[in-house]
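The next block holds one structure in the form of structure tokens; read it before the comments.
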Ligand SMILES: [Zn+2]
């Protein structure tokens, strides 16, 4: 008995040892070399940005810019000596659409050039359209019927004026320590309560007219009525932004070439016209839109660094390559694409010994519903509607995604995968002095890591400083190279390259959550399976 009393503490200690997680190893020499390469004069991340935006942007999925950017990216990745560099087709998607020309003018009562943009997949105007605009903002079916037979060949304004309150908060912001603390605290979510994760609401594409009209007239009812009436041009107000910044409205049917010619206009210019019309002062407007359509197939951009000891196992890194066409798609998401390319250049140029193969994927069709990444995971890993996995599924060690603008990394969203917390805490230690130390169990939604998370693969997105993503650049005509912060881009390149390297050499693959149940087709839109809500700010 005395002997047992003596042994008891020893037994407890031994069992503690048995269950304790072995300390996560981080080769600081390699991390140092990665920092040196990505934070120093060899950095190419801003060069990538220039070619993806100023030279080849925007990159609306399946458009001329998208294809030109794809060809340039393949050429550059081959120059870096990467393997298996190719464009991997997916579909169906619908037609490619290209904006060839837009012009807009107020002729009377005074001349003014008009800031507006054609909505994606809109038809052209078949020449110059000149006319007096009509305000068509019915609240009830009866009011709508009142316009019957009166709109053919007309220029119609379909939104009410938008109040522009003076902004008293800075456009660009970074997270405060208090805000990061708040993000760090777990959130208890009732599955399905929030439905669509990520973004939604009026700023999102498709919401141009905002929700249903007060009298319950749905945007669809108005659209169908307009299709019958055949106005020459439909104009809606920009739902976000001011000072000439306009945020894109709803994309149209991608399978046809005869959508109603539709513009989204900067609020200041739209409001002036509506005020004049309301005061019955004659207004004369003139517009022309030229577009072209392509019967091409979209693609994802793929490249690899083959592994050594475990070359059949995979670490993936990426972000979406496509963008909207209002600006040059700089913060959304040339940033994430340029960084993924920089991760591959950095790891390749350092010639690091990595057990697992590193595969980069730049996705198409994200803005239309994560289409490229979903097509890819279904093809390679598992069909989410049956959750039947392929042999490749168990080979994936993890996936890293960037798609939250140009702001530097402040931490990692665990997507509810708490098993990764102690691992990532260790992995981020070398970057605390660069501002990255926050690990939160929260989910973040609205982008391509969800295609992986949705089939039970560890897919992660980073907590990033918000900057002027929601206030200026997100899906706007001001999403351009000038809004990109170079040192933030370099910090992100260094951190993501390190996360990928550490995932490629870790003895075990990253821990996984249980395989989710099959998801009915069409579920898991941007919100991903199970209605994962979005944490933090910004969307994608
Ligand atoms: Zn995005």
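In the working numbering, the protein residues as written are 922 to 1461.
Ideal Cβ positions, reconstructed from N, Cα and C, are used throughout, including at glycine.
All values derive from a computational prediction rather than experimental measurement.
Proximity winner among the options, relative to residue i (alpha-carbon distances)
i: residue 949; options: 1351, 1087, 1369 and 1438; result: 1351
i: residue 1474; options: 1217, 1077 and 1279; result: Not covered by the structure: residue 1474. The range shown for the chain is 922 to 1461.
i: residue 1355; options: 1085, 1329 and 999; result: 1329
i: residue 1014; options: 1402, 1177 and 1187; result: 1177
i: residue 1332; options: 1358, 1340, 1310 and 1309; result: 1358
i: residue 1003; options: 1278, 1069, 1230 and 1288; result: 1278
i: residue 1200; options: 1049, 1432 and 1054; result: 1054
i: residue 1263; options: 1240, 1246 and 1250; result: 1240
i: residue 1413; options: 947, 946, 954 and 959; result: 959
i: residue 1028; options: 1334, 1194 and 1287; result: 1194
i: residue 1142; options: 1159, 1059 and 1086; result: 1059
i: residue 1219; options: 972, 974, 961 and 992; result: 992
i: residue 1162; options: 1139, 1313, 1152 and 1191; result: 1191
i: residue 1098; options: 1432, 1221 and 1384; result: 1384
i: residue 1390; options: 1202, 1340 and 1251; result: 1251
i: residue 1089; options: 1270, 1392 and 1283; result: 1392
i: residue 1033; options: 1368, 1315 and 1189; result: 1189
i: residue 1245; options: 1288, 1308, 1281 and 1322; result: 1288
i: residue 1386; options: 1260, 1298 and 1325; result: 1325
i: residue 1159; options: 1169, 1151 and 1150; result: 1169
Heavy atom of ligand 1 within 8 Å of residue i beta-carbon
i: residue 1368; result: yes
i: residue 1241; result: yes
i: residue 1254; result: yes
i: residue 1287; result: yes
i: residue 1389; result: no
i: residue 957; result: no
i: residue 1257; result: yes
i: residue 1324; result: yes
Under the three-state DSSP convention, the category residue i falls into
i: residue 1198; result: helix
i: residue 1059; result: coil
i: residue 1154; result: strand
i: residue 1192; result: helix
i: residue 1309; result: strand
i: residue 1125; result: Because residue 1125 sits at a pLDDT of 41, beneath the cut-off of 50, its placement in the model cannot be relied upon, and the following sentence gives the value as read from the coordinates. Reduced to three states, the DSSP call for residue 1125 is coil.
i: residue 1441; result: coil
i: residue 1383; result: strand
i: residue 950; result: helix
i: residue 1006; result: strand
i: residue 1464; result: Here the chain has residues from 922 to 1461 only, and residue 1464 is not among them.
i: residue 1066; result: helix
i: residue 1168; result: strand
i: residue 1246; result: coil
i: residue 1303; result: strand
CA-to-CA distance, residue j to residue i, given in whole angstroms
i: residue 1306; j: residue 1342; result: 29 Å
i: residue 1213; j: residue 966; result: 32 Å
i: residue 1164; j: residue 1187; result: 8 Å
i: residue 1238; j: residue 1001; result: 17 Å
i: residue 1167; j: residue 1395; result: 10 Å
i: residue 1438; j: residue 1372; result: 14 Å
i: residue 969; j: residue 1266; result: 11 Å
i: residue 1388; j: residue 1363; result: 21 Å
i: residue 1462; j: residue 1231; result: With the chain represented from 922 up to 1461, any question about residue 1462 goes unanswered, as that position is not in the structure.
i: residue 1010; j: residue 984; result: 14 Å
i: residue 1435; j: residue 1184; result: 46 Å
i: residue 1304; j: residue 1021; result: 38 Å
i: residue 1236; j: residue 1419; result: 12 Å
i: residue 1182; j: residue 1276; result: 54 Å
i: residue 1345; j: residue 1063; result: 60 Å
i: residue 1365; j: residue 943; result: 29 Å
i: residue 1137; j: residue 1106; result: 39 Å
i: residue 1040; j: residue 1071; result: 24 Å
i: residue 1206; j: residue 1217; result: 35 Å
i: residue 988; j: residue 1223; result: 14 Å
i: residue 1025; j: residue 1382; result: 40 Å
i: residue 1257; j: residue 1425; result: 20 Å
i: residue 1301; j: residue 1048; result: 46 Å
i: residue 1148; j: residue 1379; result: 45 Å
i: residue 1317; j: residue 1401; result: 34 Å
i: residue 977; j: residue 990; result: 5 Å
i: residue 1132; j: residue 1286; result: The predicted model places residue 1132 with a pLDDT of 49, which falls under 50 and marks its position as unreliable; any figure quoted below should be read in that light. The alpha-carbon atoms of residue 1132 and residue 1286 are separated by roughly 24 Å.
i: residue 1374; j: residue 1406; result: 29 Å
i: residue 1451; j: residue 1291; result: Low per-residue confidence applies at residue 1451: pLDDT is 42, beneath 50, and the placement is therefore not dependable enough to give any value.
i: residue 1067; j: residue 996; result: 58 Å
i: residue 1268; j: residue 1259; result: 14 Å
i: residue 1449; j: residue 1337; result: Summary for residue 1449: the model assigns pLDDT 43, below 50, so the residue's position carries little reliability, and this model does not support an answer.
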